[in-house]
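Just add 276 to the spot in the sequence shown (first one is 1) and you have our numbering. Using N, Cα and C, we set each Cβ at its ideal position, and we do this for glycine too.
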Amino acid sequence: MRRLNLRVNFLMFLFVLGCTPTIVEYGPRVHVVKPGETLQVIAWRYGLDARDLIQWNSLDNPNLIFVDQQLYLIPQNDIRIVSGRMSSQQAAPISAQPILPAPTWLWPVQGPLISDDANSAASKGIGIAGEVGDDVFAAAAGQVVYAGDGLVGYGNLLIIQHNPTFLSAYGHNDRLIVSEGDFVQQGEVIAAMGFGPDRQPQLFFEIRRNGTSVDPLVYLP
Numbered sequence: 277m278r279r280l281n282l283r284v285n286f287l288m289f290l291f292v293l294g295c296t297p298t299i300v301e302y303g304p305r306v307h308v309v310k311p312g313e314t315l316q317v318i319a320w321r322y323g324l325d326a327r328d329l330i331q332w333n334s335l336d337n338p339n340l341i342f343v344d345q346q347l348y349l350i351p352q353n354d355i356r357i358v359s360g361r362m363s364s365q366q367a368a369p370i371s372a373q374p375i376l377p378a379p380t381w382l383w384p385v386q387g388p389l390i391s392d393d394a395n396s397a398a399s400k401g402i403g404i405a406g407e408v409g410d411d412v413f414a415a416a417a418g419q420v421v422y423a424g425d426g427l428v429g430y431g432n433l434l435i436i437q438h439n440p441t442f443l444s445a446y447g448h449n450d451r452l453i454v455s456e457g458d459f460v461q462q463g464e465v466i467a468a469m470g471f472g473p474d475r476q477p478q479l480f481f482e483i484r485r486n487g488t489s490v491d492p493l494v495y496l497p
């Protein structure tokens, strides 16, 4: 009889354990806007689609965010805290935004490939060697949504939005020729090459699709 009670108690323990919500650790769920940041820059930093940030934060005017504003990085109803525990085991969502056709791309500079992060989970950008001051060209037509040095690890950086799906980034520039808000044509000179890591002249080039870094070599001719 005692063995039976022990078995019943053990099974009840397993049942209760299975019903107890699991505490799941995620990355940051809120971002506090810093001076000079735009929605596109914040989305880029976390590998998100800016359209998702607009939706999750009910932003009527995505161009109007202010310093110290808190922005949700996941849907507000996706994770709830109940008695100090997560009530959901759902992972942070992947953008469900539609994928528009990719533009026709050009190489942003002509030079040997010196780094390829195609297998990296975070960034799949490439490094292209050259000389300091070499012209950097827009790989496709679009609007400059970021121009500056506020993102650590990219140096002087340009981000161009080509359509709601595709962005391209150009890092380690010596100087920027275009400004945020400018519209550029494919092949237009947008920057001058600068030094990358280890003081080696190079351009860092990256393509993102719906906020996710993709292998540029799949798209470049």
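Beta-carbon separation (whole angstroms), residue i vs residue j, contact threshold 8 Å
| i | j | result |
| --- | --- | --- |
| V385 | V343 | In fact, because the Cβ distance is near 35 Å, the residues do not count as touching under 8 Å. |
| I435 | Q316 | 6 Å |
| P311 | L349 | That pair is no contact at about 19 Å. |
| V420 | G457 | 6 Å |
| L335 | I402 | Going by Cβ atoms, the distance from L335 to I402 rounds to 33 Å, so no, they are not a contact pair. |
Assigned secondary structure, residue i (DSSP; H/G/I helix, E/B strand, else coil)
| i | result |
| --- | --- |
| A468 | strand |
| Q316 | helix |
| Q366 | A caution first: Q366 carries a pLDDT of 39, below 50, which makes its placement in the model too unreliable to give a value. |
| A414 | coil |
| D392 | strand |
| Q345 | coil |
| V300 | Its pLDDT being 38, under 50, V300 is placed unreliably in this model, and the value from its coordinates should be taken loosely. In this structure, V300 counts as coil in the three-state DSSP scheme. |
| F291 | Any reading at F291 is ruled out, since the residue's pLDDT is 38, under 50, leaving its predicted position unreliable. |
Contact under 8 Å by Cβ, residue i with residue j
| i | j | result |
| --- | --- | --- |
| G470 | L324 | no |
| W381 | Y495 | yes |
| V412 | A326 | no |
| A414 | Q461 | yes |
| A378 | F442 | yes |
| L329 | L347 | yes |
| G418 | L433 | no |
| V306 | K400 | no |
| G406 | G387 | yes |
| I453 | V465 | yes |
| D450 | G409 | yes |
| I404 | L389 | yes |
| A416 | S455 | no |
| Q352 | W332 | yes |
Host beta strand (DSSP E) of residue i (start-end)
| i | result |
| --- | --- |
| R485 | 477-485 |
| L493 | Run containing L493: none; DSSP gives neither H nor E here. |
| D328 | Run containing D328: none in the beta strand (DSSP E); it sits in the alpha helix (DSSP H), 326-332. |
| V308 | 306-308 |
| G403 | 402-405 |
Short CB-CB distance (under 8 Å) between residue i and chain D
| i | result |
| --- | --- |
| G457 | Absent from the structure is chain D; it holds one protein chain and no more. |
Discussion item. List, from N- to C-terminal side, the beta strand (DSSP E) runs of 3 residues or more that fit wholly inside the stretch 425-450.
Written reply: 432-437
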